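Enquirer: Let me give you the structure first, and then I'll get to my questions.
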Amino acid sequence: MRARRIAAVDRPDTAFVIQPSASYGLTLSIRLPQQPGSFARVAAAIGGAGAILGAIDLVSVEHGEVIRDVTVACADAAHGEAVVAAVRTLDGVAVESVMDRTFKLHQGGKIEVTPKVAVKSRDDLSMAYTPGVARVCSAIHQDPERAWELTTKGNMVAVVTDGTAVLGLGDIGPQAALPVMEGKAMLFKEFAYVDAFPLCLATKDVDEIVAFVKAAAPGFGGINLEDIAAPRCFEIERRLSAELDIPVFHDDQHGTAIVVLAALLNALRVVGKRADQIKVVVVGAGAAGVASAEIILAHGARELLVCDVDGVLYPDRPGLDPHRIALAARTNPHGARGTANELLAGADVLVGVSGPGAVSVAAVRTMAPDAIVFAMANPVPEIQPEEVRDAAAIMATGRSDYPNQINNVLAFPGVFRGALDARASTVNEAMKLAAAQAIAGVIADDELHAEYIIPSVFNRQVAEAVAAAVAEAAADSGVARASREAVESRRAERN
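Each residue of the sequence shown is one higher than the one before, counting from 70 in the working numbering.
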């Protein structure tokens, strides 16, 4: 099997390998002669084109011909076209149809609203709807707190976006962002039994977004802000957190930061270093970079520098927005100047939340012994793991085809599960730190090693461990409105 090689952005001398994956999976309906060796030619063409052959299903046999549905994994859309073209060149073989498996999965959307109670009789209808529902409405009118127990509010999160910073696509608008928000809602339910609903807003105005979310808030127990471009995302989160009495959490900031800290906690255990003794360089001063820096500082790091495309942040650097000015005041304690590549000399930790080519191989080689490198740009990391295998003791990326994937799915389901269970009024720093420690703690001491510092997103222990830690931290920090007994009761009901 040949992997697809692509020139890295801004680094024409470097190539990185994109492995075939299900995200670019195709199902080919192929007609071929019913004779020995026919399918072997098809398989050879697919493998020769660099794709991975998956399921092979027999659809029909008639008139000396066979129709088979063949699943293949490709590296990207262009690679898929090349694979299909390779099969079409075979004599006696016809490609009847090609289905993109990812587009097929999205047909009709990925989520739906389903009832929790059956309505099969007049009695059912009279209790679930009129006239019985009027008594429930009156009870909530008299005591608004009862909405938490008598409606979906206590388990419902709004996933809010304006579509201005979607994945690596940028400002694609609210409607094009909907598949991502549906996916987010699906993951909430799958990993933490949290109901979530997408709200894609056709406005970029901060005041309008804040006003809309405040107006919609009575129906939700929490607000997940998603894919809103910086610096507006900071202001929107700050205002909503101040003006609402339910958790408001910008996942692009804090979900990333929580998982970064979890990975760092375990990485430091592996190399035998302490947070208060290390030099950390964060490359990228957007939403994820700012939040990652903040949480690492909160954990006890003393020497932390944040770099953007113009170099390291410092308080009187021209052109900084208020959020970066505030961060500059809390970082770079020795007043360093220079670029990320220059400042990596002697650093113990690199946290990359920027883009491909943001740091050089030569710069990574100047880092301290037992260097820790987190290169999280997707799909192309700041630096390829293969390039610094001999320079980095521990390497993590945002990709699933390397060890140590740093993925927000490890954080946000459990964070909201714990916040909802505790009826928390906010998500504070103590809750975020607790979430990071819970994720790190899922890996036992005897399992921990350089290629296993962060658990799999499919480890079902993670969300429950995070939820328990977040709920406990909410109680300890005074923002929980539910008793510990009530939290335990909810957890027992789920289990």
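Every residue gets a Cβ at the ideal spot worked out from N, C-alpha and C, and that includes glycine.
These figures come from a predicted structure and were not determined experimentally.
Could you pull the DSSP bridge partners for N293 from this structure?
Expert: One-based indexing of the sequence shown puts residue 293 at position 224. N293 is bridged to V228 and F318.
Enquirer: The beta strand (DSSP E) spanning M464 covers which residue range?
Expert: As a first step, residue 464 is located in the sequence shown; it is residue number 395 there, counting from the start. First-last of the beta strand (DSSP E) with M464: A461 to T466.
Enquirer: Looking at C-beta atoms only, is the number of pairs between the segment 391-409 and the segment 521-532 that lie closer than 8 Å three or more?
Expert: As far as the Cβ criterion goes, the segment 391-409 does not touch the segment 521-532, which means the pair count is below three.
Enquirer: Return yes when the Cβ of A144 is within less than 8 Å of the Cβ of Q88, no when it is not.
Expert: Numbered from its first residue, the sequence shown carries residue 88 at position 19. Numbered from its first residue, the sequence shown carries residue 144 at position 75. It is a contact, given that the beta carbons lie within the stated cut-off.
Enquirer: How would you write the range of the beta strand (DSSP E) that S166 sits in, first residue to last?
Expert: Numbered from 1 along the sequence shown, position 97 holds the residue referred to as residue 166. S166 -> beta strand (DSSP E) spans A163 to D169.
Enquirer: Expressed to the nearest angstrom, what Euclidean distance is found between the alpha-carbon atoms of V249 and H175?
Expert: Reading the sequence shown from its first residue, position 180 is the one you call residue 249. Reading the sequence shown from its first residue, position 106 is the one you call residue 175. When rounded, the distance between both Cα atoms is 11 Å.
Enquirer: In three-state terms, what does DSSP make of R137?
Expert: For the purposes of this step, residue 137 is taken as the residue at position 68 of the sequence shown. Strand, per DSSP.
Enquirer: For T183, does the count of other Cβ atoms within 10 angstroms reach 16, so buried, or fall short, so exposed?
Expert: Mapped onto the sequence shown, residue 183 falls at position 114. The residue is exposed, with fewer than 16 neighbouring Cβ atoms inside 10 Å.
Enquirer: Would you kindly work out how many angstroms separate the C-alpha atoms of V511 and E131, rounded to a whole number?
Expert: Position 442 of the sequence shown, counted from the first residue, corresponds to residue 511. Position 62 of the sequence shown, counted from the first residue, corresponds to residue 131. So the alpha carbons of these two residues sit roughly 55 Å apart.
Enquirer: Is the CB-CB distance between I292 and L270 below 8 Å?
Expert: Walking along the sequence shown from the start, residue 292 turns up at place 223. Walking along the sequence shown from the start, residue 270 turns up at place 201. It is not a contact, given that the beta carbons lie outside the stated cut-off.
Enquirer: Could you please give the first and the last residue of the uninterrupted beta strand (DSSP E) stretch that includes S552?
Expert: As a position in the sequence shown, residue 552 is number 483, starting the count at 1. Careful: S552 lies outside any beta strand (DSSP E) and carries neither H nor E.
Enquirer: Using 8 Å as the threshold, is the segment 316-333 in touch with the segment 281-299, meaning 3 or more CB pairs across them?
Expert: Touching, yes.
Enquirer: Quickly, what does DSSP pair L97 with across the bridge? List them, please.
Expert: Position 28 of the sequence shown holds residue 97. Bridge partners of L97: V139 and V167.
Enquirer: Taking only the alpha-carbon atoms, compute the straight-line gap between R80 and G426 and give it to the nearest angstrom.
Expert: Counting from one through the sequence shown, the residue named residue 80 turns up at place 11. Counting from one through the sequence shown, the residue named residue 426 turns up at place 357. Annotation note: pLDDT 40 at R80 (below 50); position unreliable, no value reported.
Enquirer: Counting C-beta neighbours from all protein chains within 10 Å, is the total for I305 16 or more, i.e. buried, or is it exposed?
Expert: Within the sequence shown, numbered from 1, the residue matching residue 305 stands at position 236. That one is buried.
Enquirer: What does the alpha-carbon distance come out to for the pair R308 and F281?
Expert: Counting from one through the sequence shown, the residue named residue 308 turns up at place 239. Counting from one through the sequence shown, the residue named residue 281 turns up at place 212. Roughly 12 Å between the two C-alpha positions.
Enquirer: Which term fits T171, buried or exposed, when burial requires 16 or more other beta carbons within 10 angstroms of its beta carbon?
Expert: Sequence index remark: in the sequence shown, residue 171 carries index 102 (1-based). Exposed is the call here.
Enquirer: Per the DSSP calculation, Q474 is bridged to which residue(s)?
Expert: Looking up residue 474 in the sequence shown gives position 405. Answer is T466, bridged to Q474.
Enquirer: With distances taken between CB atoms, is the gap from A124 to T140 smaller than 8 Å?
Expert: As a position in the sequence shown, residue 124 is number 55, starting the count at 1. As a position in the sequence shown, residue 140 is number 71, starting the count at 1. Closer than 8 Å, so yes.
Enquirer: With F443 and A332 assumed to form a contact (beta carbons below 8 Å), what rounded beta-carbon distance in angstroms separates them?
Expert: The residue given as residue 443 occupies position 374 in the sequence shown. The residue given as residue 332 occupies position 263 in the sequence shown. Between A332 and F443 the Cβ distance is about 7 Å, and since that is below 8 Å, they are a contact.
Enquirer: I need the straight-line Cα distance from K273 to A245, nearest angstrom please.
Expert: Position 204 of the sequence shown, counting from 1, holds the residue named residue 273. Position 176 of the sequence shown, counting from 1, holds the residue named residue 245. About 15 Å.
Enquirer: With a threshold of 6 Å on Cβ separation, who are the neighbours of A370 within its own chain once the five nearest residues in sequence on each side are excluded?
Expert: Residue numbering aside, residue 370 sits at position 301 when the sequence shown is read from its first letter. Result list for A370: A344 and V349, in chain order.
Enquirer: Checking the sheet assignment: what are the DSSP bridge partners for V249?
Expert: Here residue 249 corresponds to residue number 180 of the sequence shown, with the count starting at 1. For V249, which the question treats as bridged, DSSP gives no partner whatsoever.
Enquirer: Let's test the definition: count the other Cβ atoms within 10 Å of the Cβ of D193 and tell me whether it reaches 16, buried, or not, exposed.
Expert: One-based indexing of the sequence shown puts residue 193 at position 124. By the 10 Å Cβ count, D193 comes out exposed.
Enquirer: Using CA atoms only, rank isn't needed, just tell me which of P387, A360, A286 and V418 is closest to L337.
Expert: Translated into the one-based positions of the sequence shown, residue 337 becomes position 268. Among P387, A360, A286 and V418, the Cα nearest to that of L337 is on V418.
Enquirer: Count the CB pairs spanning the segment 151-166 and the segment 111-118 that are closer than 8 Å, and state whether there are at least three.
Expert: Segments in contact, yes.
Enquirer: Does the beta-carbon distance from R550 to S494 come in below 8 Å?
Expert: Residue 550 sits at position 481 when you count from the first residue of the sequence shown. Residue 494 sits at position 425 when you count from the first residue of the sequence shown. Closer than 8 Å, so yes.
Enquirer: Out of G421, L382, M464 and A437, which one is the CA nearest neighbour of A446?
Expert: Counting from 1 along the sequence shown, the entry for residue 446 is found at position 377. Of the listed residues, the one whose Cα sits closest to A446 is G421.
Enquirer: Quick check on the DSSP output: the alpha helix (DSSP H) that includes V378 runs from which residue to which?
Expert: Translated into the one-based positions of the sequence shown, residue 378 becomes position 309. Neither: V378 is in no alpha helix (DSSP H) and is coded neither H nor E.
Enquirer: Are the beta-carbon atoms of N401 and V428 separated by less than 8 Å?
Expert: Sequence index remark: in the sequence shown, residue 401 carries index 332 (1-based). Sequence index remark: in the sequence shown, residue 428 carries index 359 (1-based). Against a cut-off of 8 Å, the Cβ pair of V428 and N401 comes out as no contact.
Enquirer: Could you check where the beta strand (DSSP E) with G424 kicks off and where it finishes?
Expert: Within the sequence shown, numbered from 1, the residue matching residue 424 stands at position 355. Premise fails: G424 is in no beta strand (DSSP E) and is neither H nor E.
Enquirer: Would you identify the three-state DSSP class for G177, choosing helix, strand or coil?
Expert: Counting from 1 along the sequence shown, the entry for residue 177 is found at position 108. Three-state DSSP puts G177 in coil, outside helix and strand.
Enquirer: To which residues does DSSP link C269 through a beta bridge?
Expert: Along the sequence shown, read from residue 1 onward, the residue named residue 269 stands at position 200. Partner(s): T230.
Enquirer: Looking at the structure shown, is H518 part of a helix, part of a strand, or coil, going by DSSP?
Expert: Reading the sequence shown from its first residue, position 449 is the one you call residue 518. Looking at H518 - three-state DSSP - the assignment turns out to be strand.
Enquirer: Jot down the residue ranges of each uninterrupted alpha helix (DSSP H) in the segment 322-402, minimum 4 residues, whole runs only, in chain order.
Expert: Correct list: 356-368 and 391-399.
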